[in-house]
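To start, the structure under review is shown below, and the notes come after it.
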Amino acid sequence: MRMKHTRHTLTVGAAFAAAAMTLGLAAPTVQAAPPATSTTSATPSAATAPDIPVANVKAHLGQFQQIADANGGNRAHGHAGYKTSLDYVKGKLDAAGFTTSVQEFTSSGATGYNLIADWPGGDTTKTVMAGAHLDSVDEGPGVNDDGSGSAGILETALAVSRDRLKPAKHLRFGWFGAEELGLVGSKHYVDSLSAAERAKISSYLNFDMIGSPNPGYFVYDDDPALEKVFKDYFTKLSIPTEVETEGDGRSDHAPFKDAGIPVGGLFSGADYIKTPAQAQKWGGTAGKAFDACYHRSCDTSTNIDDTVLGHQTDAIAYALWQLAS
Ligand SMILES: [Zn+2]
26 MRMKHTRHTL TVGAAFAAAA MTLGLAAPTV QAAPPATSTT SATPSAATAP
76 DIPVANVKAH LGQFQQIADA NGGNRAHGHA GYKTSLDYVK GKLDAAGFTT
126 SVQEFTSSGA TGYNLIADWP GGDTTKTVMA GAHLDSVDEG PGVNDDGSGS
176 AGILETALAV SRDRLKPAKH LRFGWFGAEE LGLVGSKHYV DSLSAAERAK
226 ISSYLNFDMI GSPNPGYFVY DDDPALEKVF KDYFTKLSIP TEVETEGDGR
276 SDHAPFKDAG IPVGGLFSGA DYIKTPAQAQ KWGGTAGKAF DACYHRSCDT
326 STNIDDTVLG HQTDAIAYAL WQLAS
């Protein structure tokens, strides 16, 4: 997740509207949003999502740590550790039968890369997409931020392959570059889609930091139907959730949301401080950050709570199996 102080207060659209008003131009035509996703009508016959082995997710995190160790301690945009991370994820997906593509862009004078993986089949006019950012900050290996989300959606994608899932809707996964520089990769991806291609994405689910060591269970409250899918899952586990506010607009779902695509996601907390009430319901330490190593060199493979990582990864699988059926 990107730093709060880099957050833009004015969207490009708002800036254009303001400029248009100043110049006496007509306001831009607002694009019709795609129809809202209907997730409440999921049939009872929907295939059951598998339990995602947390050991497998942790193995990917171990690989990200090793990649950082071998490449100057990070996996940041413009550094060798980023592309090596992308090659690792792509190799797993290619071997599992995904159709992958690497999208290049330039940011801060360096080449950045997005990895897009499509699971063949399903109705592409109703694509369900899950994404995470694969870059770390310069300061550390970024295992929780956002190795956790990257590994979580990778292992879920591999579970799709293991199950030989034939979902009614098309499934797509995305690993974005240069998120930490201002959502650069995800903006580039959304900008690269035509209006028709954007309209085919019925939902985008974002996972940025899902293994925080002093964890919380936060659900994005953007699209009500998508929020409900995650809340239903945690209700089954008797785990209370809260609305995600710390990362609002600070991760890769923002460009999708700005394009009118319904978005949702999960988050386990960054540098906000856990309250006593939160410690009571989730365990952990009150008065301490959810992730005291946020954007620091200590965001290593030991900076992960296995329980929250396991639950949130299972929730990703649950949501994708529900939404795509
Ligand atoms: Zn971050």
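Taken in order, the sequence shown gives residues 26 to 350; the numbers are from the working numbering.
For every residue, glycine included, the Cβ atom is placed at its ideal position computed from N, Cα and C.
Going by DSSP, E129 is part of the beta strand (DSSP E) stretching over T124 to S132. For M154, the shortest C-beta to heavy atom distance toward ligand 1 is 8 angstroms or greater.
In this structure, the alpha-carbon of Y138 lies about 24 angstroms from that of P287. Relative to ligand 1, the beta carbon of G294 is positioned no closer than 8 angstroms to any heavy atom. For the pair Q303 and E271, the CB atoms are not nearer than the 9 angstroms cut-off.
The bridge partners DSSP lists for K194 are D148.
Separation of the CB atoms of N169 and S276 is rounded to 13 angstroms, and the pair is thereby denied contact status at 8 angstroms. Note on the region 157 to 228: whole alpha helix (DSSP H) runs with a minimum of 4 residues are 174 to 187, 209 to 217 and 220 to 224, in chain order. Taken through DSSP and simplified to helix, strand or coil, I77 comes out as coil. A check of alpha carbon separations from V162 across S126, L208, D143 and Y242 identifies L208 as the nearest.
The C-beta distance from W200 to S175 rounds to 6 angstroms, short enough to fall under 8 angstroms.
Assignment of F292 by DSSP, reduced to helix, strand and coil, places it in the strand class. With respect to F198, D143 sits close: the two C-beta atoms are nearer than 9 angstroms. Separation of the CB atoms of I235 and Q347 is rounded to 18 angstroms, and the pair is thereby denied contact status at 8 angstroms. For N139, the pairing in a beta bridge is given by DSSP as Q128.
Counting C-beta atoms within 10 angstroms of its own C-beta, R27 has 16 or more neighbours from the protein chains shown and is therefore classed as buried. One alpha carbon belongs to F243, the other to S322, and they sit about 25 angstroms apart. Inclusion of F123 and S219 in the CB contact set at 9 angstroms is not warranted, their separation being larger than that value.
Excluding the 5 residues flanking it on each side, P75 has same chain C-beta neighbours closer than 7 angstroms at A184, D188 and A342, in chain order.
Here E267 is bridged, per DSSP, to F243.
Exclusion of the five residues before and after N239 leaves G294, K299, G309, T310, K313, A314, F315, D316, A317 and D330 as the residues of its chain whose Cβ lies within less than 8 angstroms of its Cβ.
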